[in-house]
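> Pasting in a structure now, in structure tokens, and then I'll have a few things to ask.
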Amino acid sequence: MKFSFRWYGEEDPVKLQYIRQIPGMRSIVTAVYDVPVGEVWSTYSITRLKEQVEQAGLIFDVIESVPVHEDIKLGLPTRVKYIENYKENIRRLSKAGIKVICYNFMPVFDWTRTQLDKVLADGSTALVCYKEQLEKMDPLRGELSLPGWDSSYTKDTLAGIFEQYAMVDEETLWSNLEYFLKEIIPVAEEYDVKMAIHPDDPPYPIFGLPRIITDEKNIDRFLKLVDNQYNGLTFCTGSLGSGSFNDVVKMVDKYASMGRIHFMHIRNVKLLADGSFEESAHYSPCGSMDIVEIMKALYKNKYDGYVRPDHGRMIWGETGRPGYGLYDRALGAMYLTGIWETLGKE
Ligand code: DNO
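Pasting the structure below:
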């Protein structure tokens with residue numbers, strides 16, 4: 249298992265030097281943020297990123313994310329150009345040493361929460377998603393914006409995109425995803441870059457927009473669209489785990505045994521009775537996920553892909569990007585490293 253940590257580039261208050269000080273940390277997971285979604289990343293920016301990471305004594309081999317342009321998800325004629333750009337990004341990143349690219353196929357919004365700073369019983373703050381609040385949220389009016397969302401949309405553009413999605417139901421989204429995969433996976437294979445789709449978070453439709461990478465049945469369908477190792481998963485325990493219908497340990501075991509997991513995002517969530525959830529510390533008793541069983545499933549299948557501790561709470565007075573502070577993620581990293589070490593001695 250290769251331990252990695254997400255870094256948001258020079259703007260990130262979490263410095264590469266701090267990440268390097270986490271025992272066992274190997275790779276940096278990052279992206280080029282200086283071009284709009286859908287454009288080709290400049291070789292200059294890719295090379296600069298690589299140099300920064302390597303100067304800090306870390307390895308540059310995972311990208312999260314190369315975002316998929318909305319026209320591809322919508323299946324518009326302009327997707328042809330954006331898919332060509334995507335292929336070019338795969339080629340350029342491969343030449344810079346990238347082995348895995350994480351992406352998602354969620355319409356418009358990436359991960360969604362209803363509150364970013366919920367104070368938990370111990371005084372830490374965490375991201376939460378309360379069903380009741382979610383049902384009342386209107387992205388066309390509300391002010392909430394998350395670090396994962398494309399902030400370049402104005403309210404008017406967003407309204408236009410929502411109108412376009414009125415024609416896209418789940419089946420259409422599936423066929424647009426299939427079209428995209430059939431185009432890019434051959435390039436990924438040729439350039440030896442594993443593509444790893446991130447599941448939808450939360451794993452059900454929101455704001456009337458379809459979501460399809462949500463559960464075991466749909467992931468099976470996804471893997472068969474292009475039945476090739478280069479068409480794989482970022483298995484996010486928190487995203488899939490926030491649907492009580494998902495048996496996360498069973499799914500990790502199944503997809504790891506098929507060799508289709510290339511990247512693990514490991515975090516814990518506490519499920520509430522009405523389907524809401526609160527993000528919690530990685531330690532299993534803090535939430536509803538059994539992290540030890542998840543690690544055992546990976547160990548049993550000799551998992552050799554990447555892993556990163558996903559979202560942390562804000563603790564010890566840290567401020568910063570919601571979910572992506574240093575301290576709690578570093579605690580998570582050490583918890584996972586400890587479990588992995590123990591499994592190796594049994
Ligand atoms: C949330 C992240 C996601 C992920 C994208 C991948 O914290 O895991 O934003 O990066 O969905 O494209």
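Residue numbers (my numbering): 249 to 594. Every residue gets a Cβ at the ideal spot worked out from N, C-alpha and C, and that includes glycine.
Which residue spans inside the segment 519 to 594 form an unbroken alpha helix (DSSP H) run of at least 4?
539 to 548 and 575 to 593, all fully within the segment 519 to 594.
> With distance defined between alpha-carbon atoms, name the residue in 579, 559, 560 and 551 nearest to residue 591.
For residue 591, the nearest C-alpha among the options comes from 551.
> Can you look up residue 475 in the DSSP assignment and give me helix, strand or coil?
Residue 475 falls in the coil class under three-state DSSP.
> Residue 601 and residue 478: beta carbons closer than 7 Å?
Only positions 249 to 594 of the chain appear in this structure, which leaves residue 601 out of reach.
> Can you give me the C-alpha to C-alpha distance between residue 578 and residue 267, rounded to a whole angstrom?
For residue 578 and residue 267, the distance between alpha carbons rounds to 8 Å.
> Taking 7 Å as the cut-off, decide whether the C-beta atoms of residue 314 and residue 276 are in contact.
No, Cβ-Cβ distance for residue 314 and residue 276 is not below 7 Å.
> Could you check what DSSP says for residue 437 in three-state terms: helix, strand or coil?
Correct three-state label for residue 437: helix.
> Between which two residues does the beta strand (DSSP E) containing residue 351 stretch?
Taken as a continuous stretch (DSSP letters only), the beta strand (DSSP E) holding residue 351 covers 348 to 352.
> How many angstroms separate the CA atom of residue 473 from the CA atom of residue 426?
The straight-line gap from Cα to Cα measures roughly 6 Å.
> Tell me which residues share the same chain as residue 383 and place their Cβ nearer than 6 Å to its Cβ, disregarding the 5 neighbours each side in the sequence.
Excluding residues within five positions, none has a Cβ falling inside 6 Å.
> If residue 445 and residue 420 are in contact, beta carbons under 8 Å, what's the gap, nearest whole angstrom?
Going by Cβ atoms, the distance from residue 445 to residue 420 rounds to 18 Å, so no, they are not a contact pair.
> For the candidate residues 447, 458 and 400, whose alpha-carbon lies nearest to that of residue 414?
The residue with the shortest Cα to Cα distance from residue 414 is 458.
> Could you tell me how far apart the beta carbons of residue 320 and residue 424 are, in whole angstroms, since I believe they sit closer than 8 Å?
That belief holds up - the Cβ atoms of residue 320 and residue 424 are roughly 7 Å apart, short of 8 Å.
> Classify residue 516 as helix, strand or coil using the three-state DSSP reduction.
The answer is strand: DSSP assigns residue 516 an E or B state.
> Distance check for residue 409 and residue 516, CA to CA, integer angstroms please.
One C-alpha to the other measures close to 33 Å.
> Rounded to the nearest angstrom, what separates residue 378 and residue 593 at their Cα positions?
Distance between the alpha carbons of residue 378 and residue 593: 41 Å.
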